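Residue numbering for the sequence shown follows the working numbering, starting at -17 and increasing by one per position.
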Amino acid sequence: METSELTRFEDRVLETVKLCQDRKDSPLTWGMEVCKCLREVGLGIPSPELGQVLISNLCFINNNPYFWKFIEQAISSGLLSSLQVLALLSSRVIPHRRSQPEAYRLYLELVVRYAFSPTRMDDFCKKKITKSVDDALQLTKTYEVHIAESGHAFALFLFSIIVGLIDSTLEDWKLQLSSTDKLNGMFKDSDHQAMDVDSKVDHTDIRLELRERLHKTNSMRAIEVLGELTENKRAVVLLRLVLLNMPEKFNGLLQRLQFLEANRVASSNIKSASQVLARLFGNIQRIRGLENHLNKRHLINVLFNTGPCSSVSCSDFGTTQAACWLPFDIYMETAMDGRQLPATSAIDILAELIKTLQVNNRASWQHTFQALWISALRLVQRERDPLEGPIPHLDARLCILLSITPLAIVRLVDEEEMPSLSLEEGSNVRSHNEQGVAGCVQGTRRLGLITSLQALRQFSGLLSPPASVIIAANNAAAKAAAFVSNFKNGNEGLTEHVKNDLHTKSVGSMLHLIVEACITRKLIDTSTYFMPGYVSISVSSPPDSSLDQGAPWSAFMEGAHLAGSLKSSLIATPASSLVEIEKLYHIAINGSEEERSAAAKILCGASLIRGWNIQEHVVHFVVKLLSPPVPTNFTGPESHLVYYTPMLNTILFGMSSIDIVHVLSLHGVIPEVAASLMPLCEAFGSLVPTSSHKSSTSDEPSVYTVFSCAFLFLLRLWKFYRPPHEHCITEGGGYTGSELTLEYLLLLHNSRIASQNSSAAGDNVTNTLESSMSQAVYIDSFPKLRAWYCQNKACVASTLSGLSSGNPVHQLANKILNMIYRKMSKGGTMSSNFSAQSGSSISGSPVSTGEDAYERPMLPSWELLEAIPFVLEAVLTACAHGRLSSKDLTTGMRDLVDFLPASLAAILSYFSAEITRGIWKPVSMNGTDWPSPAATLLSVENEIKEILAAAGVTVCSPSAGVGPVMLPLPVAALVSLTITFKLDKGLEYIHGVAGPALENCASSCRWPSMPIIGALWAQKVRRWHDFIVLSCSRSAFKQNQEAVAQLLRSCFTSFLGSPNDINSSMSSPMGVNALLGTITISTRGLRPSIAPGLLFLRSCREIQNVQFVNNIIVELVVESARASAARWGNGNSARLKSNQTSLASAAALAKEVAMLGASLLCVAGGVQLVQGPLSGVWDRDPTRGLLLEELAF
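Quick look at the structure:
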């Protein structure tokens, strides 16, 4: 470019930048305008000319936050070369670091973030940038070599920056180097020279104090930056090359470090930075200790980005620190146990866990967030081959990765930045310019998040999306590709839909979904799209039809009617904005009857399950729909809730899905759900099902249907079938508090309401949304529900008291018995008012009509529930004495559940209580009187043994085919009833209650009961075979302490390796993948297996003696730590052995062992014994115990 053209280009750029600054445009707009300047003169990107103009003319003349934000945007988007920008800034900022501490701090952050970020460019551009770097840092003059290649320039640039930062820090600490060459004084303090910006400085005392404080912290930050730079793999190789080719220059670096060490005692600054300096010293010593001959392939992979790392490298992350981050994996996998519905938000727990581990591991925020993302990605990858069954699946795991984890990070970032923001806003002494510069210094947590996302690209094995989210990942990648394309072309309308870029098709990964989740929650901005390698497009590919997913929501927002194909599309397509969800909510409240039901169904569709970016908002509005407001001009004696019957029926059925219930639990709204369901149960349970409660549409659900769904949903939230004392007391008298009760849920809900009312900024479920209810809720406000609740607790805790024949409850029980026996005597099919949506009963029998419907006791549900336990006592006693056949007993109970599905709760409570009393004789499961498991029992038992053996547990066969197969009468009756239920998605609210209760009943008997029940269910549902076998294998640990000990030992061995083999890490897998692994059962002839850690997490709730678990874990911690110390102590100190464990390694292993033991203790219910890193995370009352980490040492 000629001189005149360059001058015009420079003037045009400066004019453009000034205009953008005056308009206060965003950095993206700056970039677009500058791109137009480049196109006008025919320059490509990155542009060395642009970098020279911007840094030379604007560095101090225009030292404001807009400039720095634009510089970062230009680097990340590829407009400028990071190498050139940092070189130019180094020669200008470092010498003036005292008078410009803000600029120096921002420069340091740019160095950390972009020193090793490559910029793609052609050879001609490389030559110009190489020359620019050489001129800026005087590399040829300083090192007396000809800089011909960009690689040479980069290596010497890095070395110069390291030496320059050390020299500048020594000067700031007033330590004088005497004999060491100072790189010709290139970075010497030049603040005595006149500068344009100095004339503008307001030298007030407060301002000078603030600048001096920032200047001091900058010196410490510079040492931290040096530590981070020298840890990078590329830096290690490049500095090693400097050592080999310029030993005298490298010796100068060593002299500086020795000088720092020599002045450790004399300098208070060095004392305060001792830990950071130790990190830097260790990195440099590691470079000196490398072998002279570097592996060429390794060298190429380090210096150049040859592509994503192999999947092996994914599992190698943090090999030496794996246990330090193990609690992330343990907690996330524990949260996937569908049998537990914690009332505390996973966001709260995860945020506390992140802070705890970051402090305990003394890690940077980048490493902390990187470990967090990797644990969440591993959680998703473990669902690659899921078991089919009534358990949470991929959707719940994706919720953890794409919703819970970003929201937890939001908590941490806001916690750090919000106080500083308010301080800045309230300060009257800062100039506008300084406030802006300080405002653009992002918190260390946000910066750590950004760098952790950049580092995730190397873990390609974890980033491969599951099949069900490939389209979503591709759409996220295409959105980024279109954005980058529009930006580089200088097009307006960057927010237009991706479909405008018709020739772009991108291959997405989980990283694209993570980035979108973070951008939506304003953790990062769209500059992340410009990360190297983030956008990979194929211009020649045809457009993906999936890119039109926003079309149905656009039509909805434009006023299209919620019906037909649009309704179906909205159910299957997640919403993308809060505005869309708010409009749906208002339609569900204020629309017509048809529109209300449609809106409720859409809210419970893909927007709730896979609308990860706004999932917390969808959860809020779904829960809010359970408590609709009183309609305008509503009058009548009944509750206003009856007006919303169709909508409530739709929302209740929609929320009853197993995955949705689990998502609600992860977001911590279980207390709010319970508080919202209680008024529904009270209102609909008090109504008599008459024709006045049916709408004009024929498919309107009955009062029994709505009540049963709400009532059973409420009961799913705690173990209602267990005696009250069993909710918190285990064998040995230990308190676990692991089981919820209705009282506790209401207490937690009311405490949130009180906190919200006491402060506008009080805590709530997501810390971003107001509570769905504004008043405290007490069970005494619902007399019918309270009466049943007290009766249920009495039923499960003691035998039923006799009733006189004249008692109204006794008379009602007789009516119900007459209804059941009349159906039996007629030999008719089961009838039901249930599920008008499906048009059939729970058992699959057709709905009866005619005279039978009028012979049923049409009474309020609460009255029926009060009488049902006495009905059950009568029929079970009759069956035990031979007056009622087993078939008639099962048929009668099934008819009762078909008539009133809520009666299942009474059946489960009564049978659970009778099973624990042990007064009923066993019955033969011979296939005549009761169903026979003989066809599959032996294979199920063998598979259970194989699963346990693969996890390192050996148990005896429970039956071995000897003697008849027997079950206690209540267990036989209950399992016979449950296998008659249809496996329909609309009946998940039934199976969600019946499944856990049946498993609890089986585990309350002697252990062989579970294989028998499993065999019967495996015969009914063959596709659930693997899930059933795995569930049965858990029961082995409830009463078998030896099996528990074996499993725990296997957990330690799988994670740490065999204590008898110091080379076990080379011969077998270890770490998180070996501990938690995946489930592989009956896969094309492979031996059934489950990782021992995963089996323990799914079984620990079955173990009653928690103290025994505590003792075993403590023994294993001590044993493993002693073994490690013994291996170190037995080494021959006369000479160094390559396989001898160092003292540091032994200490690190002891810490890993302690962390593993503490993690397992926490999930097993023994958190009161863990006083240290994890206490206060899983349990908020860590008052006593011993420190495992100290014990390990």
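Don't be surprised by glycine CBs; every beta carbon is placed ideally from N, CA and C. All of these numbers come straight from a predicted model, not from anything done at the bench.
Under the three-state DSSP convention, the category residue i falls into
{"i": "valine 905", "result": "strand"}
{"i": "isoleucine 1072", "result": "strand"}
{"i": "glutamine 120", "result": "coil"}
{"i": "tyrosine 511", "result": "helix"}
{"i": "histidine 494", "result": "helix"}
{"i": "leucine 886", "result": "helix"}
{"i": "glutamate 664", "result": "helix"}
{"i": "phenylalanine 852", "result": "helix"}
{"i": "tyrosine 892", "result": "helix"}
{"i": "glutamate 725", "result": "helix"}
{"i": "glycine 874", "result": "helix"}
{"i": "glutamine 82", "result": "coil"}
{"i": "alanine 1146", "result": "helix"}
{"i": "methionine 202", "result": "helix"}
{"i": "asparagine 1022", "result": "coil"}
{"i": "tyrosine 48", "result": "helix"}
{"i": "histidine 863", "result": "coil"}
{"i": "serine 830", "result": "For serine 830, the predicted model reports a pLDDT of 44, less than 50, meaning its position is unreliable and no value from the coordinates is stated."}
{"i": "aspartate -7", "result": "helix"}
{"i": "proline 790", "result": "helix"}
{"i": "phenylalanine 603", "result": "helix"}
{"i": "glutamine 440", "result": "helix"}
Endpoints, the alpha helix (DSSP H) within which residue i is located
{"i": "proline 950", "result": "Segment 948 to 950 is the beta strand (DSSP E) holding proline 950; no alpha helix (DSSP H) there."}
{"i": "lysine 701", "result": "No alpha helix (DSSP H) contains lysine 701, which DSSP labels as neither H nor E."}
{"i": "histidine 973", "result": "970 to 986"}
{"i": "glycine 996", "result": "991 to 1002"}
{"i": "threonine 632", "result": "627 to 637"}
{"i": "proline 534", "result": "533 to 539"}
{"i": "methionine 314", "result": "308 to 316"}
{"i": "alanine 458", "result": "452 to 470"}
{"i": "proline 9", "result": "9 to 22"}
{"i": "tyrosine 567", "result": "560 to 572"}
Proximity to residue i [Cα-Cα], best of the options
{"i": "aspartate 1194", "options": "Ser327, Ala333, Gln237, Leu361", "result": "The question about residue 1194 has no answer, for the chain in this structure spans -17 to 1175."}
{"i": "isoleucine 129", "options": "Ala463, Gly146, Arg393, Lys110", "result": "Lys110"}
{"i": "threonine 326", "options": "Met907, Val1026, Leu727, Val853", "result": "Leu727"}
{"i": "isoleucine 553", "options": "Gly587, Gly573, Leu62", "result": "Gly587"}
{"i": "alanine 345", "options": "Arg366, Thr124, Leu359, Trp307", "result": "Trp307"}
{"i": "leucine 383", "options": "Leu394, Met400, Glu370, Gln363", "result": "Gln363"}
{"i": "leucine 65", "options": "Met1137, His602, Lys108, Ala776", "result": "Lys108"}
{"i": "alanine 458", "options": "Thr510, Ala260, Ile901, Ala217", "result": "Thr510"}
{"i": "valine 601", "options": "Val645, Leu1142, Arg1031, Phe616", "result": "Val645"}
{"i": "isoleucine 71", "options": "Val224, Gly60, Val16, Arg87", "result": "At residue 71 the sequence reads leucine, which differs from the isoleucine that was named. Out of Val224, Gly60, Val16, Arg87, Arg87 has the C-alpha closest to the C-alpha of leucine 71."}
{"i": "leucine 799", "options": "Asn774, Thr873, Ala769", "result": "Thr873"}
{"i": "asparagine 342", "options": "Cys1144, Leu1143, Met1137", "result": "Met1137"}
{"i": "valine 378", "options": "Ser1032, Ser1141, His649, Val219", "result": "Note that residue 378 corresponds to alanine in the displayed sequence, not to valine. Minimum Cα distance to alanine 378 is reached at His649."}
Nearest-angstrom Cβ-Cβ length linking residue i and residue j, presumed shorter than 8 Å
{"i": "leucine 1012", "j": "phenylalanine 1078", "result": "Not really, about 13 Å apart at Cβ, beyond 8 Å."}
{"i": "alanine 305", "j": "glutamate 1101", "result": "No, alanine 305 and glutamate 1101 are not in contact; Cβ-Cβ is about 16 Å, not under 8 Å."}
{"i": "proline 1179", "j": "serine 518", "result": "This structure cannot speak to residue 1179, because the chain is shown only from -17 to 1175."}
{"i": "leucine 854", "j": "isoleucine 897", "result": "13 Å between Cβ atoms; not a contact."}
Check: residue i C-beta below 7 Å from any heavy atom of the ligand PLP
{"i": "leucine 308", "result": "The ligand PLP is not among the ligands present in this structure, which contains no ligands whatsoever."}
Checklist entry - Is the number of C-beta pairs between the segment 372 to 389 and the segment 493 to 500 that are closer than 8 Å three or more? => result Contact between the segment 372 to 389 and the segment 493 to 500 is present, because at least three Cβ pairs lie under 8 Å.
Item to check | Inter-stretch contact (C-beta, 8 Å, three-pair minimum) for the segment 72 to 82 and the segment 27 to 36 | outcome: Below 8 Å, too few C-beta pairs join the segment 72 to 82 and the segment 27 to 36 to call them touching: fewer than three.
Checklist entry - Is the segment 142 to 150 touching the segment 200 to 219 in the sense that three or more CB pairs, one from each, lie closer than 8 Å? => result The segment 142 to 150 and the segment 200 to 219 touch, with three or more beta-carbon pairs separated by less than 8 Å.
Next on the checklist: Using 8 Å as the cut-off, can you tell me whether the segment 595 to 608 makes contact with the segment 651 to 664, which would need three or more C-beta pairs spanning the two stretches below that distance?
Outcome noted: Counting Cβ pairs under 8 Å, three or more are found: they touch.
Next on the checklist: Under 8 Å, with one C-beta from each stretch per pair, do the segment 947 to 961 and the segment 1019 to 1034 reach the 3-pair mark?
Outcome noted: No: fewer than three Cβ pairs fall under 8 Å.
Next on the checklist: Check whether the segment 8 to 26 and the segment 51 to 58 touch, using three or more Cβ-Cβ pairs below 8 Å as the test.
Outcome noted: With a cut-off of 8 Å, the segment 51 to 58 and the segment 8 to 26 count as touching, because enough Cβ pairs lie within range.
Next on the checklist: When you compare the segment 623 to 631 with the segment 566 to 581, are there three or more beta-carbon pairs, one atom per stretch, that lie closer than 8 Å?
Outcome noted: With three or more CB-CB distances shorter than 8 Å, the segment 623 to 631 counts as touching the segment 566 to 581.
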